[in-house]
Structure formats: structure tokens, C-alpha cells
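Heads up: the protein sequence lines correspond to chains A and B, in order. Going by numbering that gives the first Met the number 0, the first sequence runs without a break in its numbering and finishes at 135. Going by numbering that gives the first Met the number 0, the second sequence runs without a break in its numbering and finishes at 194. The beta-carbon is built from N, C-alpha and C at its ideal position, and this holds for glycine as well. Contents: one structure, followed by commentary.
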Amino acid sequence: MTILLIENHEDTVTYLKRFLEQLGYEVVVAADMMSAAKAVNAHRFDVILSDIRLPDGDGLTLMERIRGKTEAYAIAMSGLESDADIVRSHSVGYQDHLIKPFTPDKLREVLKKAELVGTRGARRNLHSRSGTSDII
Amino acid sequence: MSISSESNAICRGLDEFCLPAVLMHIGRDRLLTWNRNFLEAVGCAEEELQALAASELVFFGATSPEEIAESEESPSPIHLDSCTIRSVATGNMLPGRSFRREDGYVFVMLDPVGIESGSIAEAKLAGQQLERDRMKEALHRTVAQQLVALQFAVEVLKIGLEGGRAPTTAEVDRLAGLLNEMVDSIRALTQETKI
Numbered sequence: 000m001t002i003l004l005i006e007n008h009e010d011t012v013t014y015l016k017r018f019l020e021q022l023g024y025e026v027v028v029a030a031d032m033m034s035a036a037k038a039v040n041a042h043r044f045d046v047i048l049s050d051i052r053l054p055d056g057d058g059l060t061l062m063e064r065i066r067g068k069t070e071a072y073a074i075a076m077s078g079l080e081s082d083a084d085i086v087r088s089h090s091v092g093y094q095d096h097l098i099k100p101f102t103p104d105k106l107r108e109v110l111k112k113a114e115l116v117g118t119r120g121a122r123r124n125l126h127s128r129s130g131t132s133d134i135i
Numbered sequence: 000m001s002i003s004s005e006s007n008a009i010c011r012g013l014d015e016f017c018l019p020a021v022l023m024h025i026g027r028d029r030l031l032t033w034n035r036n037f038l039e040a041v042g043c044a045e046e047e048l049q050a051l052a053a054s055e056l057v058f059f060g061a062t063s064p065e066e067i068a069e070s071e072e073s074p075s076p077i078h079l080d081s082c083t084i085r086s087v088a089t090g091n092m093l094p095g096r097s098f099r100r101e102d103g104y105v106f107v108m109l110d111p112v113g114i115e116s117g118s119i120a121e122a123k124l125a126g127q128q129l130e131r132d133r134m135k136e137a138l139h140r141t142v143a144q145q146l147v148a149l150q151f152a153v154e155v156l157k158i159g160l161e162g163g164r165a166p167t168t169a170e171v172d173r174l175a176g177l178l179n180e181m182v183d184s185i186r187a188l189t190q191e192t193k194i
């Protein structure tokens, strides 16, 4: 599975990337909104893990722009946001929202969910293509 | 405690009430200490303010006859006056009060900022909210980010160890570095909250 990690805090990028690689993911890093949008246009990602605060904008605007171009399971990462912010992140297309600081176990849990959704999606597509029922 | 450090503490305390405050010396024509609200009210950076002469910014006078009488009758060695402070950013004149000592030290307080009714209770609440927002932002920008990096750095090493790979000295050093940076951030934030 391939993850697009969108984060600009250097140490966080270093260790999150290594952690995800240890879990077996292929990781592409983008430090800002512009390079993230380019990456989405150029590659297919299974998961997008994006910080909400980016140097050239925010992860919400980014998701509004790219949601139509990717089916990746999207996870937002942010600081101490309000409930309204979390609702907004879901409304623009993030399926999950992690509040920093979050633990590796919490990330593992969300990634498992992403894998499950990805598998279901793949099975659904397979069924749709073969003309069978959409119900799993 | 010197007048400067006492005034510094008072200035920072007044931030809680959204009150911009500054201590200056008339003879030296210098601003000596100020609070965050004062910087916001005059719209300039710390360094810019240090370079300015006090007389470029603070203007005394326009005191009502009642206030003059009150000040002269008072046995206190502090002279109360109204004053205006020029906003560096907009050029607008902001109303305030000055408390002048005979040795030339003047404590100036502007009217509360960002408060519509001007009541002290509301000013205090607004000041506390501003401070909470500022701390929240500072915590996220520093400690929360560093904690995420640290947690995942430890996890990476743990997974490595479980796979039979001992961490290198450089990796452990970096871990210690991350911890030190976090301690520094917490210390800086704690320092900021002290009055």
C-alpha cells in the first residue's frame, strides 16, 4: 500500500516515514499543499495522511481540491481542534481525524481501518465489474 | 526589585485585562518595558519599539481641569495625567492614562483593546481567552509536534530492537536531542506564563 504523507515538521516526517515503512507501506512525502497536489496527480495512493496546517495553505483546502482526483482513505492530523473543525475535516473528505500528539497505536488502528475500507472498496469494484450484487 | 522589573511584572499582569501598558522615562526619552497588548495597540515589533524615542509615541496633556485639581490636591508623589499614544501602524492617536513619578518614570496605560463595552470583567474574560488561544497555538506549534516525533522515534527504535537491530549511537543521540528540545519548549512556555 502506498501512503502520501503531507507534513512539514522535519522530525515528524523523518520518524513517521520510518515507522510507516517498518509497517510495510511505501511512503511518498510532500511538505506543502502544492507538492501534495502534484503527487496526487502523478501517483495513485491508498492512504493520504495530511497535517491540517501547511506552509502554503491548509489540509482542508487541499482535500477540497484533490478529493475528486483520488479514492485514497484520507486521514487528517491537527493540533487541538474544536469539534467544528473535525466536522469540517469530515465534510471536505477526510475519513479520520487524529489530534496531535497521537500514539503509534492510534495510527495503527486508523490504518487498519483504512486497509479494511480499501479491501471492501476493491471487492465492491470487483463485484460491480462482474455484474454481481454490491452488498458485501 | 527594580522599578523596571516591577513594572514589567505589572505590564504582563495587565495583559490579562487586555490593557496595553508601558513604562517610560521622560528624561531619557526611552520606553523601558511594555506588554504584548501595547505592541499590538501601537502595531509595531519589539525591535522597532526599542529604537523609538518615547516622545515620538507618547503625548501628554489634554487633562481636564477637574483632573488637574485632583492631581494637585493629592498628597501622592504620583502625577496623574491623560495622554495619547500614536499607533505606529496606523498613525491613529490612542487614548490612555499616565502616572508620572517625580524622578521621571512614567507608567502609561491605554484603554482596553478589542473590548466593546470596556467593562473590566469582560476585558478580563477576553484577555484570558486570548491567552488561552495563544498558549494553545504555542503548545501545538512546539510541544505537540515534538511529542509526535518523539513517540514515533521511540516506536521506530522499539520495532528495530524487536527485529534484532540495536540502535546506533547517532539514533540514541537524536532521541536525546528531541527530548532536550521538548524540555526547552516547555521551559520557554512556562517562563512566558510567569508574571
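Reduced DSSP category for residue i - H, G, I as helix; E, B as strand; rest coil
i	result
Y93(A)	coil
P94(B)	strand
L19(A)	helix
A40(B)	helix
R43(A)	coil
I51(A)	coil
V171(B)	helix
H139(B)	helix
A52(B)	strand
G56(A)	strand
E15(B)	coil
V109(A)	helix
G163(B)	coil
Any chain B beta carbon closer than 7 Å to residue i
i	result
R155(A)	Shown here, chain A extends from 0 to 135; a query on residue 155(A) therefore has no answer.
G144(A)	As shown, chain A starts at 0 and ends at 135. That puts residue 144(A) outside it, with no answer to give.
D10(A)	yes
F18(A)	yes
Chain-ordered neighbours of residue i on chain B, where CB pairs are closer than 7 Å
i	result
P103(A)	Q150, F151 and E154
L15(A)	F151
Buried versus exposed call for residue i [16 or more other C-beta atoms within 10 Å across all chains shown]
i	result
D172(B)	exposed
G126(B)	buried
H96(A)	buried
R11(B)	buried
V182(B)	exposed
N7(B)	buried
A61(B)	For A61(B), the predicted structure reports a pLDDT of 49, less than 50, and the residue's modelled location is therefore unreliable. A value from the coordinates is still provided. With fewer than 16 Cβ atoms within 10 Å of its Cβ, A61(B) is classed as exposed.
S81(A)	exposed
D102(B)	exposed
Chain-ordered chain A contacts of residue i [CB-CB under 8 Å]
i	result
A143(B)	G78, L79, K99 and P100
H78(B)	Those within 8 Å of H78(B) in chain A number zero; the least Cβ separation is about 46 Å.
9 Å Cβ cut-off: residues of chain A touching residue i
i	result
L188(B)	Near L188(B) there are no residues of chain A at all, since even the closest Cβ is about 14 Å away, more than 9 Å.
Residue-chain proximity (residue i, chain A), Cβ-Cβ < 7 Å
i	result
I158(B)	yes
V171(B)	no
L174(B)	no
I114(B)	Summary for I114(B): the model assigns pLDDT 49, below 50, so the residue's position carries little reliability, and this model does not support an answer.
L146(B)	yes
A61(B)	For A61(B), the predicted structure reports a pLDDT of 49, less than 50, and the residue's modelled location is therefore unreliable. The matter cannot be settled from this model.
H24(B)	no
Bridge partner(s) assigned by DSSP for residue i
i	result
C82(B)	F59(B) and G95(B)
I74(A)	L48(A) and D95(A)
H24(B)	R29(B) and Y104(B)
A210(A)	Given that chain A is displayed from residue 0 to residue 135, the structure contains no residue 210(A) and the question cannot be resolved.
L109(B)	G95(B)
Residues that residue i contacts on chain B, provided the C-beta gap is smaller than 9 Å
i	result
Q21(A)	E154, V155, I158, G159 and G162
Contact list for residue i against chain A, beta-carbon separation under 7 Å
i	result
L177(B)	D10
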